[in-house]
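Those protein sequences? They're chains Y and R, same order as listed.
The numbering of the first sequence is the working numbering, which starts it at 196 and goes up by one.
The numbering of the second sequence is the working numbering, which starts it at 50 and goes up by one.
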Amino acid sequence: MINHMGRFLFILLGLWVTGALAAPPQKVLHLELSAAETGFDPVMTSDLNTASIEQQLFESLLTYDYLARPVKLIPRLAAAMPTVTDQGRTWLFTLKRGVYFSPDPVFKGQKREVTAQDVVYTLMRFMDPKNRSPYKFLVEGKIIGLDELGEAARKTGHFDYDARIPGLEVLDRYTLKIRLKTTDYNFAHAMAQPMYGIVAREVIEGYAGDTASHPVGTGPYYLARWIRSSLMVLERNPNFRHEVWRFDPGNDPDSQRIAAQMQGKTIPQIDRVEIQVIEEAQSAWLSFGKGELDMIGLAGQFAPIALRGAHLKPSLAQRGIRLDRISDPSIAYYFINQQDPVLGGMSKEKIALRRAIFMAQNDEEMIRVIHKGQAVRNAYPIPEGVAGADPGYRSLLDYNPGEANRLLDRMGYAKGPDGYRRQPDGQPLAVRYTSSLSSQDRELDEMMKKALDRLAIRFESEKLKFPEILKAERQCRVQIRLSAWIADYPDGDNFMQLWYGPHTHENNGSCYQDPVWDRLYEKTLTLPDSPQRDALYHQLARLLELNGVTKVSTTHIRNVLSQPWVIGFKAHPILPSVWSLMDLDASRAPHP
Amino acid sequence: MAVERASPGLWMLAWRRLRRDRVGMTALVVVMCYLFVVFLALMGWVAQDWTREVGVNYAPPVFWAEDQDETAQRPAVDHAALTDPVPLYGLQDPLARELAAIRAEHPAADLAEAPRRLSLPLGGDKWGHDVWTKVIKGSETSILVGLVAALLATLLGTVMGAVAGYFGRWVDDGFNWLYGVFTAIPYLLLVFAIAAVLQQKGVVTLVLILGLTGWTGVFRLVRAEYLKHKTREYVLAAGAMGASHARRMFIHILPNTSHVILVQLSQNVVGFIKSEVILSFLGFGVPVDVVSWGSMLNEAQNELILGKWWQLAAAGLAMAILVTAFSMLTDALRDALDPKLKY
Numbered sequence: 196m197i198n199h200m201g202r203f204l205f206i207l208l209g210l211w212v213t214g215a216l217a218a219p220p221q222k223v224l225h226l227e228l229s230a231a232e233t234g235f236d237p238v239m240t241s242d243l244n245t246a247s248i249e250q251q252l253f254e255s256l257l258t259y260d261y262l263a264r265p266v267k268l269i270p271r272l273a274a275a276m277p278t279v280t281d282q283g284r285t286w287l288f289t290l291k292r293g294v295y296f297s298p299d300p301v302f303k304g305q306k307r308e309v310t311a312q313d314v315v316y317t318l319m320r321f322m323d324p325k326n327r328s329p330y331k332f333l334v335e336g337k338i339i340g341l342d343e344l345g346e347a348a349r350k351t352g353h354f355d356y357d358a359r360i361p362g363l364e365v366l367d368r369y370t371l372k373i374r375l376k377t378t379d380y381n382f383a384h385a386m387a388q389p390m391y392g393i394v395a396r397e398v399i400e401g402y403a404g405d406t407a408s409h410p411v412g413t414g415p416y417y418l419a420r421w422i423r424s425s426l427m428v429l430e431r432n433p434n435f436r437h438e439v440w441r442f443d444p445g446n447d448p449d450s451q452r453i454a455a456q457m458q459g460k461t462i463p464q465i466d467r468v469e470i471q472v473i474e475e476a477q478s479a480w481l482s483f484g485k486g487e488l489d490m491i492g493l494a495g496q497f498a499p500i501a502l503r504g505a506h507l508k509p510s511l512a513q514r515g516i517r518l519d520r521i522s523d524p525s526i527a528y529y530f531i532n533q534q535d536p537v538l539g540g541m542s543k544e545k546i547a548l549r550r551a552i553f554m555a556q557n558d559e560e561m562i563r564v565i566h567k568g569q570a571v572r573n574a575y576p577i578p579e580g581v582a583g584a585d586p587g588y589r590s591l592l593d594y595n596p597g598e599a600n601r602l603l604d605r606m607g608y609a610k611g612p613d614g615y616r617r618q619p620d621g622q623p624l625a626v627r628y629t630s631s632l633s634s635q636d637r638e639l640d641e642m643m644k645k646a647l648d649r650l651a652i653r654f655e656s657e658k659l660k661f662p663e664i665l666k667a668e669r670q671c672r673v674q675i676r677l678s679a680w681i682a683d684y685p686d687g688d689n690f691m692q693l694w695y696g697p698h699t700h701e702n703n704g705s706c707y708q709d710p711v712w713d714r715l716y717e718k719t720l721t722l723p724d725s726p727q728r729d730a731l732y733h734q735l736a737r738l739l740e741l742n743g744v745t746k747v748s749t750t751h752i753r754n755v756l757s758q759p760w761v762i763g764f765k766a767h768p769i770l771p772s773v774w775s776l777m778d779l780d781a782s783r784a785p786h787p
Numbered sequence: 050m051a052v053e054r055a056s057p058g059l060w061m062l063a064w065r066r067l068r069r070d071r072v073g074m075t076a077l078v079v080v081m082c083y084l085f086v087v088f089l090a091l092m093g094w095v096a097q098d099w100t101r102e103v104g105v106n107y108a109p110p111v112f113w114a115e116d117q118d119e120t121a122q123r124p125a126v127d128h129a130a131l132t133d134p135v136p137l138y139g140l141q142d143p144l145a146r147e148l149a150a151i152r153a154e155h156p157a158a159d160l161a162e163a164p165r166r167l168s169l170p171l172g173g174d175k176w177g178h179d180v181w182t183k184v185i186k187g188s189e190t191s192i193l194v195g196l197v198a199a200l201l202a203t204l205l206g207t208v209m210g211a212v213a214g215y216f217g218r219w220v221d222d223g224f225n226w227l228y229g230v231f232t233a234i235p236y237l238l239l240v241f242a243i244a245a246v247l248q249q250k251g252v253v254t255l256v257l258i259l260g261l262t263g264w265t266g267v268f269r270l271v272r273a274e275y276l277k278h279k280t281r282e283y284v285l286a287a288g289a290m291g292a293s294h295a296r297r298m299f300i301h302i303l304p305n306t307s308h309v310i311l312v313q314l315s316q317n318v319v320g321f322i323k324s325e326v327i328l329s330f331l332g333f334g335v336p337v338d339v340v341s342w343g344s345m346l347n348e349a350q351n352e353l354i355l356g357k358w359w360q361l362a363a364a365g366l367a368m369a370i371l372v373t374a375f376s377m378l379t380d381a382l383r384d385a386l387d388p389k390l391k392y
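Structure (structure tokens):
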């Protein structure tokens, strides 16, 4: 009897021990990307989807406070905010100690600490002509001696990373002094970009030629698995330092609720992030409905079934689904390649043709039919919520197909026997519109086709995958496209730089090179956010319209839906991703 | 004087048999109706204005009473605001003179739109296009693609099958190797691969894709027929009389395999209409300025989730009726043309 009892107690004890020692369930966040990533070397990144992942893999010197609105800069790799002296020309950064890169074979089993020299190396990479960085503009022409290094590399074909330049002075292992040529009001924002995440030189050199496949940073996660254009799995970085969630919620009730859930927790709480590329919005929507995705950026076409006005429909709210809705600091804008042999050029005929094409675009119809009301008309290159915005700005290029047609008639674009217009010299005229393969882009193709039909201009479609579109844009091969830009930092300069001549082959997809415009833009760089700068911005915006370079169309409204088990999410206007600052209630999640 | 009645030929016998098949005749009438509609659309006599926006967005079918949702409402356009001068911030407009002249002639912006109907016979799509007109215009694309691609595939399959079966030996081995390669690759993968290589959307591309991938079935059957027929007495006799290989293949043997080819052709038409729909649904099909049943189904995938089912129903039903009728016709043709079923 005692024997039986003993055996029974022993089994009970065993069960208790295994239960107690069993690891808690892994917290896995399931997400989607609406367009394929482009590779994970931050210096080469320019798209939001890739940046959202790099935000978790790499760390920049500064970042943005999660809850503060309007947004506020805070230290990330830096131990404190930099000391700025010499009228904003000298920046002293001190790094946190004990920050390590995620493990990688390159480090031969050793833990590798981040030093000030890594920051210097990271900044230098942006000026290395081999990298052709789209975000070079944030340091170009700013740091003393750095442009000269880039220039020398262009001549010799070799960038001297060992060179010492006065603009980048390492004072000790953790302290770096950056000297700028002139005052730069946005330099701190530049140092908060995920593209400026710190990398280790031995990693970049060790994986030379394939750095995009080997992201090694100091962020809370590392890339554990990558199937190109399909799946990315991030796992908790074992070398990530002890960091605690501590943000001031202020008076905002939503922030206070989040702070009550998250305050004092270590970062990150989520063990694994699985990100699938789902280009079709319907597939993503259905996956979210089945609980296979934890969060989803609601595509416009599904707004009527998810939203009633600005609120979640009761059927979804009853399921505990949450809606985070903000007006994105973004613009959607048409641009025309100014170097294109058919549409480019500054002759009156070409300007008239471009302006007519822009005037045939019915933005209100696009908002109503394609975005289902989840966008607002915005004609100014700087959206609301960003320094320099002007919501009252009136465009020269508002929808007016009658005047557009009369303009084309007057400038000699006569209709041929087939009913389509020809160029003034009698050559055939066709406009090639570039877009991706998604069904939403097919709708945008239809919009453009309708617009060109209004003008009796022949429509041609070029379908490319998103990364290929970006590549074609940089090579000035796109003829016309509807592009979008979201603020990297909340200053108008981040938008106006999109048309700066020297940024051709980087972010200037319209390949617009106009000395008058460039001079005005350069003047804005010397000014803080002020009425003088705003006046210059208005001139710049109007010049873009007068010359038929671009038409700003809409600003997007971001609706993020999250499942009831997602904790601590608040949409941030600038940070591309906040996964490390969130949590999951694993007991409620339907999947491990 | 007694007159010897001429015995009916193969085709007359087949026609008589087909006429007695009521299902077959019904299917034939349905197919002929579709072809007639295609002809009318091709000539531009119907559905030429399918791009005209005649209804409000997502106008429901007339028999389907449904309240208009907010997306159907059109905001009022501020016409006056368009003609108000906008500040130029001290800049010169390079087109100032031209625009001044235009505005002097036309002082008011011309944005008047034709009134739109709140409902349409089979409903409207997101732009307010009439779905009925789209179905008709779409039938032109889908059926033409099906027919022309089937003709191409049948031509390729017949010529290759004839050459392989007639000459045999290494020629046959070569064609069999090619056949093996094409059939070893899953059909849809092969189609996508060719679509990716062609890199161009359009009806011609679709026909090429389907024609170049769909010849294998015809090839297999025609080759078998030629292997059988090439040793028959009538072919040997033709050879003895000095007929060339080409003459023996295409003048003597081909008519005796025509029933197989005809049935394969009609089967391919059905298959390719479905393939066009699948390809267009997946985004490899027709470009944005062409409508087909497949492109309509592609558009309908997002509409369905919003409860706008009419485009899907219209295109799906039109295709289902044709495919069913064509399949029945194929069955009836096989029965009518099979010499073993003579009665």
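For each residue, glycine too, the CB sits at the ideal point set by N, CA and C.
Does the CB of residue i have a neighbour CB from chain R at under 8 Å?
i: residue 606 of chain Y; result: yes
i: residue 488 of chain Y; result: no
i: residue 493 of chain Y; result: no
i: residue 652 of chain Y; result: no
i: residue 734 of chain Y; result: yes
i: residue 598 of chain Y; result: yes
i: residue 547 of chain Y; result: yes
i: residue 714 of chain Y; result: no
Have a look at the options and flag the residue whose alpha-carbon is nearest the alpha-carbon of residue i.
i: residue 307 of chain Y; options: Y:264, Y:398 and Y:495; result: Y:398
i: residue 197 of chain R; options: R:226, R:111 and R:258; result: R:258
i: residue 358 of chain R; options: R:374, R:148, R:386 and R:107; result: R:107
i: residue 494 of chain Y; options: Y:487, Y:509, Y:461 and Y:478; result: Y:478
i: residue 549 of chain Y; options: R:144, R:298 and R:338; result: R:144
i: residue 289 of chain Y; options: Y:637, Y:365, Y:504 and Y:747; result: Y:365
i: residue 221 of chain Y; options: Y:273, Y:299, Y:328 and Y:468; result: Y:468
i: residue 282 of chain R; options: R:192, R:60, R:382 and R:302; result: R:302
i: residue 166 of chain R; options: R:364, R:180 and R:216; result: R:180
i: residue 268 of chain Y; options: Y:387, Y:335 and Y:438; result: Y:387
Residue range of the beta strand (DSSP E) that residue i falls in?
i: residue 520 of chain Y; result: 517-522
i: residue 452 of chain Y; result: Residue 452 of chain Y -> not in any beta strand (DSSP E); alpha helix (DSSP H) instead, spanning 448-457.
If we define contact as Cβ-Cβ less than 8 Å, is residue i a contact residue for chain Y?
i: residue 186 of chain R; result: no
i: residue 336 of chain R; result: yes
i: residue 118 of chain R; result: Low per-residue confidence applies at residue 118 of chain R: pLDDT is 47, beneath 50, and the placement is therefore not dependable, though the value from the model is reported in the following sentence. So yes, residue 118 of chain R belongs to the interface.
i: residue 143 of chain R; result: yes
i: residue 72 of chain R; result: no
i: residue 317 of chain R; result: no
i: residue 308 of chain R; result: no
i: residue 147 of chain R; result: yes
i: residue 383 of chain R; result: no
For the alpha helix (DSSP H) that residue i lies in, which residues bound it at each end?
i: residue 351 of chain R; result: 342-354
i: residue 460 of chain R; result: Any question about residue 460 of chain R goes unanswered here, given that chain R covers just 50 to 392.
Output, in chain order, the set of chain Y residues within a Cβ distance shorter than 9 Å of residue i.
i: residue 162 of chain R; result: In chain order: nothing, as chain Y lies at least about 11 Å away.
Run through chain Y and tell me which residues come within less than 8 Å of residue i, C-beta to C-beta.
i: residue 176 of chain R; result: 564, 641 and 645
Against residue i, what residues of chain Y qualify as contacts under a CB-to-CB distance less than 7 Å, listed in chain order?
i: residue 135 of chain R; result: 589 and 591
i: residue 355 of chain R; result: 499 and 500
Say whether chain A places a C-beta atom closer than 8 Å to the C-beta of residue i.
i: residue 664 of chain Y; result: The structure shown has no chain A; the protein chains it does contain are Y and R.
Let me know the alpha helix (DSSP H) ranges lying completely inside the stretch 254-317 of chain R, each 4 residues or longer, listed in chain order.
-> Annotation note: the stretch 254-317 of chain R contains the following uninterrupted alpha helix (DSSP H) runs of length 4 or greater, listed N- to C-terminal: 265-278 and 282-289.
Could you tell me which uninterrupted beta strand (DSSP E) segments, each at least 3 residues in length, are contained entirely in the stretch 644-684 of chain Y, listed from first to last along the chain?
-> For the beta strand (DSSP E) assignment, the uninterrupted runs of no fewer than 3 residues enclosed by the stretch 644-684 of chain Y are, from N- to C-terminal side, 653-658 and 675-681.
Which full runs of the alpha helix (DSSP H) of 4+ residues lie inside the stretch 424-500 of chain Y, going along the chain?
-> List check, alpha helix (DSSP H) in window: 448-457 and 476-484.
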